[in-house]
């Protein structure tokens, strides 16, 4: 069965520091992987996606993620965090029937 | 992509009553999905709504509590019936393209008092 694990419930980083949010997935075939961001009181916005090709994918707002099949991971990174990046981040895997399975989310706090 | 309009955006309801949430998509889609996001938690799929057939419910969700309508390829409703405070959540409508990702409405923030 498909599942997604985000081991970090909450992360705090200083503005300007680098960021890495972890995501591990369980899926039988080649996964379709996604990262979403949810700002307070807002809906979910797609940051980036992977389904084939180059394992390093670029997204919006300066985010990137790397697919590592051997580690079943799809970690999200950003070289320099901005205060506006404070939000909840969800990793998701797309399954059969166009269903999506979401991780429990990582809450990001950015301190000045 | 897809533009999804969901309403109401928020509501405060008395326990024991029901609320119907509407979801309108700007293009025809075969499947629409309803999720629940409880406070501080991730998204849980409630059901998948196909046009012309009964909705398919995930484990832990039943039709009597969450009846769904799907009258055409651009519209769906979710009703939260006989509400209790435990139903206080954000309810999200979604459509998806497997390679494109899932797209969400802004959600309905429900508070049951």
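Residue numbers (this note's numbering), protein chains in the order written: chain A, 1 to 112; chain B, 113 to 225.
From the three backbone atoms N, C-alpha and C, an ideal C-beta is built for every residue, glycine too.
Integer-rounded CB distance, given that residue j should sit under 8 Å from residue i
i	j	result
residue 64(A)	residue 77(A)	5 Å
residue 158(B)	residue 178(B)	6 Å
residue 204(B)	residue 155(B)	7 Å
residue 102(A)	residue 94(A)	Rounded, the Cβ-Cβ distance is 11 Å, inconsistent with contact.
residue 114(A)	residue 26(A)	Any property of residue 114(A) remains undetermined from this structure, which presents chain A solely from 1 to 112.
residue 24(A)	residue 72(A)	5 Å
residue 213(B)	residue 49(A)	5 Å
residue 217(B)	residue 125(B)	19 Å between Cβ atoms; not a contact.
residue 196(B)	residue 224(B)	6 Å
residue 59(A)	residue 35(A)	7 Å
residue 90(A)	residue 38(A)	7 Å
residue 146(B)	residue 180(B)	7 Å
Cut-off 8 Å between Cβ atoms - residues of its own chain near residue i, not counting five sequence neighbours on either side
i	result
residue 11(A)	19, 21, 106, 107, 108 and 109
residue 141(B)	114, 185, 186 and 207
residue 30(A)	51 and 52
residue 121(B)	218, 219, 220 and 221
residue 8(A)	21, 22 and 106
residue 127(B)	195, 196, 197, 224 and 225
Neighbourhood of residue i by C-beta, 6 Å cutoff - its chain only, sequence neighbours within 5 removed
i	result
residue 132(B)	189 and 191
residue 14(A)	111
residue 150(B)	201
residue 79(A)	18
Identity of the residues DSSP links to residue i by a beta bridge
i	result
residue 117(B)	136(B)
residue 120(A)	Since the first residue shown for chain A is 1 and the last is 112, residue 120(A) is missing from the structure and cannot be characterised.
residue 177(B)	According to DSSP, which records beta bridges pairwise, residue 177(B) is partnered with nothing at all.
residue 206(B)	145(B) and 216(B)
residue 27(A)	Answer is none; residue 27(A) lacks a bridge partner.
residue 226(B)	Missing from the structure shown is residue 226(B); chain B here goes from 113 to 225 and no further.
residue 184(B)	187(B)
residue 168(B)	160(B)
Same chain, Cβ closer than 7 Å to residue i, neighbours up to 5 away in sequence not counted
i	result
residue 168(B)	159 and 160
residue 162(B)	142, 143 and 182
residue 138(B)	114 and 115
residue 4(A)	23, 25, 91, 92, 93, 101, 102 and 103
Beta strand (DSSP E) segment containing residue i, residue limits
i	result
residue 162(B)	155 to 162
residue 146(B)	143 to 149
residue 56(A)	56 to 58
residue 86(A)	No beta strand (DSSP E) contains residue 86(A), which DSSP labels as neither H nor E.
residue 10(A)	10 to 14
residue 104(A)	Counting along the chain, residue 104(A) falls outside any beta strand (DSSP E), and DSSP gives it neither H nor E.
residue 45(A)	44 to 50
residue 37(A)	32 to 38
residue 4(A)	3 to 5
**Prompt:** Relative to chain B, which residues along the stretch 39 to 61 of chain A have a C-beta separation below 7 Å, given in chain order?
**Reply:** Within the stretch 39 to 61 of chain A, contact with chain B at the beta-carbon level (separation under 7 Å) is assigned to 43, 44, 46, 49 and 51.
**Item:** Contact list for the stretch 148 to 161 of chain B against chain A, Cβ threshold 9 Å
**Value:** Residues 149, 152, 153, 154, 155, 156, 157 and 160.
**Asked** Listed in chain order, which residues of the stretch 66 to 82 of chain A have Cβ atoms closer than 7 Å to some Cβ of chain B?
**Response** Cβ contacts with chain B: none found.
**Item:** Chain-ordered residues of the stretch 2 to 25 of chain A with a beta carbon less than 7 Å from chain B
**Value:** Taking a C-beta cut-off of 7 Å against chain B, none of the residues of the stretch 2 to 25 of chain A qualify.
**Residues of the stretch 203 to 216 of chain B with Cβ closer than 9 Å to any Cβ of chain A, in chain order** = Interface annotation for the stretch 203 to 216 of chain B against chain A: 204, 206, 207, 208, 209, 210, 211, 212, 213, 214, 215 and 216, criterion Cβ-Cβ distance under 9 Å.
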